[in-house]
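Trainee:
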Amino acid sequence: MQSCRLCTSVRYTDEKLSGCNSLPGSATLNSIVQILIPLLVGFLITQISTLTTSAYLHRALAHKAVRFHPALALFLRFFLWLTTGVKSREWAAVHRKHHAFTDEESDPHSPAQLGWIRVQLTNFWLYRNAANDPVTVQKWGRDLAPDRWDRVLFDRGMLGLGTSTLLLCIWLGWWQGVLAFSFHVVSYVVLSGAVNAVGHTFGRRPFANSATNLHWLAALTSGEGYHNNHHGLPTSARFGSRPLDLDAAWWLIKVAEKMRLAEVRDVSAKKVTL
Ligand SMILES: [Zn+2]
Ligand SMILES: [Zn+2]
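Okay, so the sequence shown: first residue is 1 according to the working numbering, each after it adds one.
1. Give me, in chain order, the residues of the same chain whose beta-carbon lies closer than 8 angstroms to that of LEU74; leave out the 5 immediate sequence neighbours on both sides.
2. Does the Cβ of GLU90 have 16 or more other Cβ atoms within 10 Å, making it buried, or fewer, making it exposed?
3. What did DSSP end up calling VAL86 once you bin it into helix, strand or coil?
4. Identify, in the order they occur along the chain, each residue of the same chain with its Cβ nearer than 6 angstroms to the Cβ of LEU76, setting aside the five sequence neighbours on each side.
5. Just to check, is the beta-carbon of ALA145 closer than 6 angstroms to a non-hydrogen atom of ligand 1?
6. Anyone know if the C-beta pair for GLN120 and GLY240 falls short of 7 angstroms?
7. Nearest by alpha-carbon distance to ILE45: which of ALA71, GLN34, HIS58 and THR84 is it?
8. Just confirm the distance between the C-beta atoms of GLY225 and LEU217, as a whole number of angstroms; I'd bet it's less than 8 angstroms.
9. Apart from the five residues just before and just after ILE48, which ones in its own chain have a Cβ nearer than 8 angstroms to its Cβ?
10. Select from SER210, HIS184 and VAL255 the residue whose C-alpha is nearest the C-alpha of ILE37.
11. What's the C-alpha gap between LEU114 and VAL186?
12. Where LEU205 and ALA211 are concerned, what is the direct C-alpha to C-alpha distance, given to the nearest angstrom?
13. Quick one: Cα of SER31 to Cα of ALA180, how far?
14. Quick check: the Cα distance between LYS258 and ALA60, rounded to an integer number of angstroms?
15. Determine the burial state of LEU167: buried for a count of at least 16 other Cβ atoms within 10 Å of its Cβ, exposed for fewer.
16. What distance in whole Å lies between the Cβ atoms of THR50 and SER222, which are believed to be in contact at a cut-off of 8 angstroms?
17. Is it true that the CB of ALA130 sits closer than 7 angstroms to the CB of PRO111?
18. Apart from the five residues just before and just after ALA248, which ones in its own chain have a Cβ nearer than 7 angstroms to its Cβ?
As structure tokens, this is what we get:
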């Protein structure tokens, strides 16, 4: 029994050479596919992560613009635990502080104070510095005390990340699983940084605040790219303002609302025409 030189997936014996029908280049194509599939899986995980981050962490928890049915909220929290390692009240507290001191000295991640490139490249550590400050979390997240689910599971972020990596390795193979999850982590960190850096520097400003609107960023972040609209109407569950705006988290909220799994508290952005 020998392995085919070109096609590692087909083995053949000297007697049955017809078992190998590889064409030149098939090994290269196979290698490319083996890399592209994990990257695609990682990208899809990032897209669902930004969707749940925007819908649950941002719009529901930090701004209370929408209230999800407890069963749906638990599902969203579970996915965030698996894919982000974020402690929800820390995220909400840091974000509320950003709104309170937008582009002032106390803003945890201000491009006006630090430069957009520095915020883009170091957003993860800027966030961690703010989240590790117990005064910030206590002051801005005092209504978000950890519940039983947080204490038992969701506050154990590394356990969630390890679990999802293991599941991906079982599904795709060990190195493909590690590649998929690594690509997701990098994409999630880069896109989160882009909202705070690019989304306060480049783009349209229909409202009088320092944030900006960018369609391409909104498309990649489930609507977070309409950051100027959001700073203008922070308690609105809708970040887009026009029918064709790419506000995926708003679409999720509307579907959940139709299924009686969400209650939208403020849709004032609907009345805004820009
Ligand atoms: Zn902002
Ligand atoms: Zn916000």
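Glycine is no exception: its CB is placed at the ideal position from the N, C-alpha and C atoms.
Mentor: Let me spell this out:
1. Position 74 of the sequence shown holds residue 74. Closer than 8 angstroms at the Cβ level, and outside the excluded window around LEU74, lie TRP149.
2. For the purposes of this step, residue 90 is identified with residue 90 of the sequence shown, where counting begins at 1. Buried is the call here.
3. As a working note, residue 86 is residue 86 in the sequence shown. If DSSP states are grouped into helix, strand and coil, VAL86 belongs with coil.
4. One-based indexing of the sequence shown puts residue 76 at position 76. The residues are THR52 and TYR56.
5. To locate residue 145, count along the sequence shown from 1; it is residue 145. Checking the Cβ of ALA145 against ligand 1 gives no.
6. In the sequence shown, the residue the question calls residue 120 occupies position 120. In the sequence shown, the residue the question calls residue 240 occupies position 240. Cβ distance not < 7 angstroms, so GLN120 and GLY240 don't count as in contact.
7. The count along the sequence shown starts at 1 and reaches residue 45 at position 45. Among ALA71, GLN34, HIS58 and THR84, the Cα nearest to that of ILE45 is on THR84.
8. Here residue 225 is taken as the residue at index 225 of the sequence shown, counted from 1. Here residue 217 is taken as the residue at index 217 of the sequence shown, counted from 1. About 3 angstroms separates the two Cβ atoms, so the contact holds.
9. As a position in the sequence shown, residue 48 is number 48, starting the count at 1. Result list for ILE48: PHE79 and THR83, in chain order.
10. Within the sequence shown, numbered from 1, the residue matching residue 37 stands at position 37. Nearest C-alpha to ILE37: HIS184.
11. Here residue 114 refers to the residue found at position 114 when the sequence shown is read from its first residue. Here residue 186 refers to the residue found at position 186 when the sequence shown is read from its first residue. Looking at the two C-alpha atoms, the distance is approximately 22 angstroms.
12. Within the sequence shown, residue 205 is the residue found at index 205, counting from 1. Within the sequence shown, residue 211 is the residue found at index 211, counting from 1. Note that residue 205 is Arg in the sequence shown here, rather than Leu. Their Cα atoms are separated by approximately 7 angstroms.
13. Looking up residue 31 in the sequence shown gives position 31. Looking up residue 180 in the sequence shown gives position 180. Going by the C-alpha atoms only, they are around 15 angstroms apart.
14. Position 258 of the sequence shown holds residue 258. Position 60 of the sequence shown holds residue 60. If I take the Cα positions, the gap works out to 17 angstroms.
15. Stepping through the sequence shown from its first residue, residue 167 is reached at position 167. Per the 10 Å Cβ criterion, exposed.
16. Against the sequence shown, residue 222 aligns to sequence position 222. Against the sequence shown, residue 50 aligns to sequence position 50. Indeed they touch by this definition, with Cβ atoms about 5 angstroms apart.
17. Start at 1 with the first residue of the sequence shown, and residue 111 comes out as number 111. Start at 1 with the first residue of the sequence shown, and residue 130 comes out as number 130. Contact: no.
18. Translated into positions along the sequence shown, residue 248 becomes position 248. Hits under 7 angstroms: LEU51, SER222 and GLY223.
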